[in-house]
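Q: Residue numbers (my numbering), protein chains in the order written: chain A, 272 to 415; chain B, 682 to 836.
For every residue, glycine included, the Cβ atom is placed at its ideal position computed from N, Cα and C.
Below is a structure I'd like to ask you about.
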């Protein structure tokens, strides 16, 4: 890796919040082997004025055919990012966070949410529905 | 489509010329007045208020003022807008508000097969005759919790 490739961004996690949860037990007990579908949405809300990036992670756990929602959890992680304004294009006023940094924020938020999920769902029928390890680079993104 | 006839787009050079002659700033002023009137009307509808209710809420005594406000042509003063905001609990002025946050969304679906609960398996089964002492569980039985095999399919 050359010096040019090194990207140094100072950031720290400020708050972790459990925003929303729901649990919807199935009519019949789950089979011994159940396939859970985890639908994950990560939303980055960027506030340049306060140097904050808020990552809202929503995980929906559904059955294999996705016609029954077993549970849902929404969390938010607030990160303070040093000099966030340097990622703002002065001409277009648009914010472009480096992809590698966005991936890092996604990875940290996913892991945090995994822990929150386990804490919330433990002892329920979703006790074993542990959020799988996901390559944070594999998410498809869209700008709203 | 009505009576078997297809709808046609009416074009007129006169209308086009008239529309082109409207100053964009004037158009924006008209749009803003109409929008404010519509917001007030919508808020009244939500609250199920009649004109007299709004009149009372803003402390005015001339009923025609409400009709004027709702006409979409009234040039509201800042004072009136602030009074209406308080009375209707809506936002009509956006002073000092920050621009919308930038939002980037990432999506993914993964599936995982898991065992819904750990299964206990008995390694040894021992029979004993009535009258015999029960063998010690710790030496004869070993219970194993089967961890769920995690086969991950990422889509």
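#1: May I ask you to list, following chain order, the residues of the segment 371-390 of chain A that have a beta carbon less than 9 Å from some beta carbon of chain B?
#2: Counting only C-beta atoms, is residue 403 of chain A closer than 8 Å to chain B at any point?
#3: Residues of chain A with a CB under 8 Å from the CB of residue 737 of chain B: which are they?
#4: Taking the continuous alpha helix (DSSP H) assigned at residue 385 of chain A, which residues delimit it?
#5: Flag this pair as yes or no: are the beta carbons of residue 330 of chain A and residue 384 of chain A separated by less than 8 Å?
#6: Which of the three DSSP states is assigned to residue 796 of chain B in this structure?
#7: List, in order along the chain, the chain B residues whose C-beta lies closer than 9 Å to that of residue 311 of chain A?
#8: So, at 7 Å on beta carbons, what are the nonlocal neighbours of residue 690 of chain B in its own chain, with the 5 sequence-adjacent residues on each side left out?
#9: Specify whether the segment 335-343 of chain A and the segment 313-321 of chain A touch according to this definition: at least 3 beta carbon pairs, one from each stretch, less than 8 Å apart.
#10: Round the Cβ separation of residue 788 of chain B and residue 365 of chain A to the nearest angstrom and send it over; I've been treating them as touching at under 8 Å.
#11: Could you say which of A:287, A:395 and A:386 lies nearest to residue 297 of chain A if we only look at CA atoms?
#12: Applying the 10 Å Cβ sphere with the 16-neighbour rule, what's the burial state of residue 301 of chain A?
#13: If we ignore side chains and look at the alpha-carbon of each, how far apart do residue 293 of chain A and residue 732 of chain B end up?
A: Judging by the given coordinates:
#1: Those residues of the segment 371-390 of chain A placed with their C-beta closer than 9 Å to a C-beta in chain B are 373 and 377, ordered along the chain.
#2: On the first chain, residue 403 of chain A is found 132 positions in, with the first residue counted as 1. Answer yes: the Cβ-Cβ gap between residue 403 of chain A and chain B drops below 8 Å somewhere.
#3: Residue 737 of chain B sits at position 56 when you count from the first residue of the second chain. Within chain A, no C-beta atom comes nearer than 8 Å to that of residue 737 of chain B; the closest sits roughly 39 Å away.
#4: Reading the first chain from its first residue, position 114 is the one you call residue 385 of chain A. It spans 370-392 - the alpha helix (DSSP H) in which residue 385 of chain A sits, taken as one unbroken run.
#5: Translated into positions along the first chain, residue 330 of chain A becomes position 59. Translated into positions along the first chain, residue 384 of chain A becomes position 113. Cβ atoms of residue 330 of chain A and residue 384 of chain A: closer than 8 Å.
#6: Start at 1 with the first residue of the second chain, and residue 796 of chain B comes out as number 115. Strand at residue 796 of chain B.
#7: For the purposes of this step, residue 311 of chain A is identified with residue 40 of the first chain, where counting begins at 1. The contacting residues are 787, 788, 789, 790 and 791.
#8: Numbered from its first residue, the second chain carries residue 690 of chain B at position 9. No residues qualify anywhere along the chain.
#9: Verdict: no, contact absent.
#10: As a position in the second chain, residue 788 of chain B is number 107, starting the count at 1. As a position in the first chain, residue 365 of chain A is number 94, starting the count at 1. About 21 Å separates the Cβ atoms of residue 788 of chain B and residue 365 of chain A, ruling out a contact at the 8 Å cut-off.
#11: Here residue 297 of chain A is taken as the residue at index 26 of the first chain, counted from 1. Put simply, of A:287, A:395 and A:386 the residue whose alpha carbon is nearest the alpha carbon of residue 297 of chain A is A:395.
#12: In the first chain, counting from the first residue as 1, residue 301 of chain A sits at position 30. By the 10 Å Cβ count, residue 301 of chain A comes out buried.
#13: The residue you call residue 293 of chain A lines up with position 22 of the first chain. The residue you call residue 732 of chain B lines up with position 51 of the second chain. Their backbone Cα atoms lie some 43 Å apart in a straight line.
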